[in-house]
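Undergrad:
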Amino acid sequence: MSRADLDPAQERTGSTRRTAQETTGRTAQEGTGQRIPLHRHGSLLLNELRTTLRRWRTLALLGVLAAVPVLVGIAVRIETGDGGSTGGGGGAGEGPAFISQITNNGLFLVFTALAATLPFFLPMAVGVIAGDAIAGEAGAGTLRYLLVAPAGRTRLLLTKYATTLAFCLLATLVVAVSALTVGALLFPLGELTTISGTRISFTEGLGRALLIALVVAASLTGVAALGLFVSTLTNSGIAAMATTVGLLITVQILDQIPQLDAIHPYLFSHHWLSFADLMREPVYWDDLVKNLGLQALYAAVFGSAAWARFTTKDITA
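Structure follows, in structure tokens:
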């Protein structure tokens with residue numbers, strides 16, 4: 007039977023078994039105190055990245071994310087087909103207000119696309135990847151192979167989280183690059199006006215767009231840790247993914263209820279759109295720092311909970 011005849015689950019099982027055999031052969035090195043080369047420690051992470059990016063589910067998620075800027079750009083282009091502007095300056099600082107500037111400068115499509123995908127599409131995609139990280143392996147019967155020494159549970163958990171964080175960055179960059187491409191094709195480029203009304207060069211605008219993309223990716227680290235924790239609670243990947251996405255929707259709803267404004271600052275999604283402050287002159291850092299600090303707190307709390315659960319969990323698959 008050829009490699010092409012294998013389904014993804016069989017291919018992953020075979021790859022995992024080969025990795026387990028390789029790592030078992032290195033156990034003697036650890037017993038004699040010999041140092042294991044650094045590249046061997048990184049092989050598990052590279053294997054996880056390859057496996058995650060080869061899955062049709064991952065490719066489909068990235069495809070949907072890439073399509074959002076295309077749809078937004080086409081919609082704005084049709085709306086302003088006579089060359090006019092949608093008006094408004096976006097002075098309120100809310101992400102969606104960037105739409106009013108797209109016809110003047112296609113670079114604003116990057117900011118608009120990130121603002122449109124951050125409340126749901128991006129965290130949903132991250133939730134799917136994180137929720138499936140451990141539970142999916144248990145459901146497929148490959149988790150025990152991955153735990154063969156010298157990997158260990160802590161190292162495997164860190165590898166899964168690092169893979170999820172890499173997906174956070176990749177997904178965000180996919181949205182940004184797609185938006186920049188569509189914006190360049192449909193709208194003019196050049197100097198742009200910040201929310202504060204000052205003018206900056208296109209090069210500086212690109213730099214801020216990259217910085218905004220990095221901030222958006224960092225804003226997803228809390229969701230990634232939450233999803234990883236949920237993934238350690240069950241052996242069903244579908245259940246873990248559904249639970250993570252359900253919690254995401256619940257938090258978003260809670261963040262919109264005025265009567266619960268006392269808890270809003272503690273919800274991981276509350277400061278997500280603060281990235282718009284990077285388009286001010288000077289930049290407002292208060293909400294940005296609060297957002298990044300809150301994400302770090304969620305990552306620490308739920309990452310620790312995931313470690314405590316996973317290191318004591320009875321692995322049966």
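Numbered according to my numbering, the sequence shown spans residues 7 to 323. Note that the Cβ used here is the ideal one computed from N, Cα and C, for glycine as well. Every value quoted in this text rests on a predicted model; they were computed, and no experiment measured them.
Thinking glycine 252 and glycine 137 are a contact (beta carbons under 8 Å), I'd like their distance in whole angstroms, please.
TA: Within the sequence shown, residue 252 is the residue found at index 246, counting from 1. Within the sequence shown, residue 137 is the residue found at index 131, counting from 1. Their Cβ separation, rounded to whole angstroms, is 10 Å, which puts glycine 252 and glycine 137 out of contact at 8 Å.
Undergrad: DSSP three-state call for arginine 286: helix, strand or coil?
TA: By one-based count along the sequence shown, residue 286 stands at place 280. Coil at arginine 286, not helix or strand.
Undergrad: Going straight from the alpha carbon of glycine 127 to that of methionine 247, what length do you get?
TA: Position 121 of the sequence shown, counted from the first residue, corresponds to residue 127. Position 241 of the sequence shown, counted from the first residue, corresponds to residue 247. Looking at the sequence provided, one finds phenylalanine at residue 127 rather than glycine. In a straight line, the C-alpha of phenylalanine 127 is about 14 Å away from that of methionine 247.
Undergrad: Only counting the same chain, and skipping five residues up and downstream in sequence, which positions put a Cβ closer than 8 Å to that of threonine 209?
TA: Against the sequence shown, residue 209 aligns to sequence position 203. Result list for threonine 209: empty, nothing under 8 Å.
Undergrad: Return helix, strand or coil for isoleucine 159, following the three-state DSSP convention.
TA: Position 153 of the sequence shown, counted from the start, is the residue given in the question as residue 159. Here residue 159 turns out to be arginine, not isoleucine, going by the sequence shown. Helix.
Undergrad: Pick out the complete beta strand (DSSP E) segments inside the segment 213-276, 3 residues or longer, and give them in chain order.
TA: none
Undergrad: With H, G and I counted as helix, E and B as strand and the rest as coil, what does DSSP make of isoleucine 80?
TA: For the purposes of this step, residue 80 is taken as the residue at position 74 of the sequence shown. In this structure, isoleucine 80 counts as helix in the three-state DSSP scheme.
Undergrad: Count the C-beta pairs between the segment 195-205 and the segment 256-265 that are closer than 8 Å, then say yes if the count reaches three, no if not.
TA: no
Undergrad: Count Cβ pairs between the segment 157-171 and the segment 261-281 that sit closer than 8 Å; are there 3 or more?
TA: Result no; under three Cβ-Cβ pairs closer than 8 Å.
Undergrad: Could you check the C-alpha separation between leucine 51 and threonine 123 for me, to the nearest Å?
TA: As a working mapping, residue 51 is identified with position 45 in the sequence shown. As a working mapping, residue 123 is identified with position 117 in the sequence shown. Straight-line Cα distance between these residues: approximately 27 Å.
Undergrad: Using the Cα positions of glycine 211 and leucine 186, report the straight-line distance between them to the nearest angstrom.
TA: Here residue 211 is taken as the residue at index 205 of the sequence shown, counted from 1. Here residue 186 is taken as the residue at index 180 of the sequence shown, counted from 1. Glycine 211 and leucine 186: Cα-Cα distance of roughly 12 Å.
Undergrad: With three or more C-beta pairs closer than 8 Å as the rule, is the segment 279-290 touching the segment 210-226?
TA: The answer is yes - the segment 279-290 touches the segment 210-226, with three or more Cβ pairs under 8 Å.
Undergrad: What does isoleucine 206 pair with, by DSSP beta-bridge criteria?
TA: Within the sequence shown, numbered from 1, the residue matching residue 206 stands at position 200. Its beta-bridge partners are Leu198.
Undergrad: Under a three-way DSSP split, which group does leucine 153 fall into?
TA: Along the sequence shown, read from residue 1 onward, the residue named residue 153 stands at position 147. In the three-state DSSP reduction, leucine 153 falls in the coil class, being neither helix nor strand.
Undergrad: Round the Cβ separation of threonine 238 and lysine 319 to the nearest angstrom and send it over; I've been treating them as touching at under 8 Å.
TA: To locate residue 238, count along the sequence shown from 1; it is residue 232. To locate residue 319, count along the sequence shown from 1; it is residue 313. That pair is a contact at about 6 Å.
Undergrad: Relative to the C-alpha of threonine 57, which candidate in Val307, Ala139, Tyr304 and Ala215 has its C-alpha closest?
TA: Locating residue 57 in the sequence shown gives position 51, where the first residue counts as 1. Looking at the Cα atoms, Ala139 is the closest of the given residues.
Undergrad: For the segment 113-120 against the segment 146-156, are there 3 or more C-beta pairs whose distance is under 8 Å?
TA: no
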